[in-house]
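> Position 148 of the sequence shown, counting from 1, maps to 186 under our numbering, and the rest follow consecutively. Backbone N, C-alpha and C define an ideal beta-carbon position, used for all residues, glycine too.
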Amino acid sequence: MTALLRLLGRQARWALPAGALVGIALPDLAAMFRPLLTAAVIGTLTATLLRLDWARLADRARRPALPAAIASWQLVASPLLVWFGTALAGLPPEPRLALVLQAAAPPIGSAAVFALILGLDGILAVVGTVSTTLLLPFTLTPLVGLLLPQAGVQVDLVAFFARVALLVAVPFALAWALRRAIGTARLARHDEAIGGLNVALLVVFAIAVMDGVTARLLRDPAFVMGLLLMACASTAALHVAGYALFRRAGVASAYSAALMSGNRNMGLMLVITAGTAGEAFSLYVGITQIPMYFAPLALTPFLRRSLRPR
């Protein structure tokens, strides 16, 4: 089993997009895995925290300037720019709503895993993801009221805090307990296997989140393909913007910022809007996972070029 996990960790760039495609090709498997979504998310962050140096994590948290700048971009500037751009483009209400909510979302909980897959340290991604997620209720409610007053979107703060407690506090508590029980030296010896476990959990999530996408694809292929094209374009644009804005912070920080900017926690937005964002947004949440799961594979050649001695 350990050897299999290590192999999976080494093939992570290919395994993640394969998981999303398997979820579409095998809808019954996606439906079977659907109840595992929450456990997969909790397990992913827990396993990531087992791999990180908590002293460096605390040190980064004590230097909040860069995470604060990333949070300002993600929670305020990004949705404002997308709202303005979609208004100029004259997009219909449904795609415009989906794009603005995507741009207003914090990073996915697995952003640090993506960073580790690319060979980055994951520290900035964890601090940025947690801080941005905790700040979300202070920005989302006024943004929805200001930018989308006619959309009928409501923000359920009770659902938000319950979700954050489950998906952020629980992994930190589990990781702390496991680190004390197992010991950091032993965890370090099995780092590659834990990385493979991370990838396995992400593949489970990728398959499960495709539940319902295949049926809609067969029923209305043009609509689903349109959403997929929109998801690919928006995800790519957010990656590029994140990198461009923070490239002066260094290559590693810029790529971490790109991962956080491009890979947004759409599932959290779906939960806290409590279904008021509409059926199209619910479908879009699943479809956006496809370009997100291709991100490590797509970014690899660019990162290698950036790290090449000049």
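Which partner residues does P130 have in the DSSP bridge list?
Note: P130 sits in no beta bridge, so no partner.
> Let's test the definition: count the other Cβ atoms within 10 Å of the Cβ of V202 and tell me whether it reaches 16, buried, or not, exposed.
V202 should be labelled buried.
> Taking 7 angstroms as the threshold (C-beta atoms), are A78 and L297 in contact?
Cβ distance not < 7 angstroms, so L297 and A78 don't count as in contact.
> Any contact between the stretch 321 to 335 and the stretch 255 to 270? By contact I mean 3 or more CB pairs, one from each, below 8 angstroms.
Judged by Cβ distances under 8 angstroms, the stretch 321 to 335 makes contact with the stretch 255 to 270, as three or more pairs qualify.
> Here's the rule I'm using: 16 or more other beta-carbon atoms within 10 Å means buried, otherwise exposed. How should I232 be labelled?
Buried.
> Would you tell me roughly how many angstroms separate the C-alpha atoms of L239 and P105, rounded to the nearest one?
Each residue's Cα considered, the two are about 26 angstroms apart.
> Is it right to say G305 is buried, meaning 16 or more other beta carbons lie within 10 angstroms of its own, or is it exposed?
Per the 10 Å Cβ criterion, buried.
> Decide if P145 is buried, meaning its Cβ has at least 16 other Cβ atoms within 10 Å, or exposed.
Result: buried.
> Within the stretch 75 to 113, note down every full alpha helix (DSSP H) run reaching 4 residues or more, in order along the chain.
With a minimum length of 4 residues, the continuous alpha helix (DSSP H) runs that stay inside the stretch 75 to 113 are 75 to 89, 92 to 99, 103 to 110.
> Runs of 4 residues minimum, wholly inside the stretch 159 to 203: which ones carry the alpha helix (DSSP H) assignment?
Taking only runs of at least 4 residues, the alpha helix (DSSP H) segments lying wholly in the stretch 159 to 203 are 161 to 185, 195 to 202.
> Check the DSSP bridge columns for P145 and list the partner residues they point to.
Note: P145 sits in a beta bridge opposite R302.
> If you check the beta carbons only, do Q351 and R254 fall under 7 angstroms apart?
This structure cannot settle anything about residue 351, because the visible part of the chain is limited to 39 through 348.
> Which one of E317, E132, G166, L156 has the shortest CA to CA distance from F340?
Taking only the C-alpha atoms, the option nearest F340 is L156.
> So is P130 buried or exposed if we call it buried at 16+ other beta carbons inside 10 Å?
Exposed is the call here.
> Can you give me the C-alpha to C-alpha distance between L173 and A125, rounded to a whole angstrom?
Between L173 and A125, the C-alpha separation is close to 26 angstroms.
> Any chance the stretch 41 to 58 sits against the stretch 332 to 339, with 3 or more Cβ pairs inside 8 angstroms?
These segments touch.
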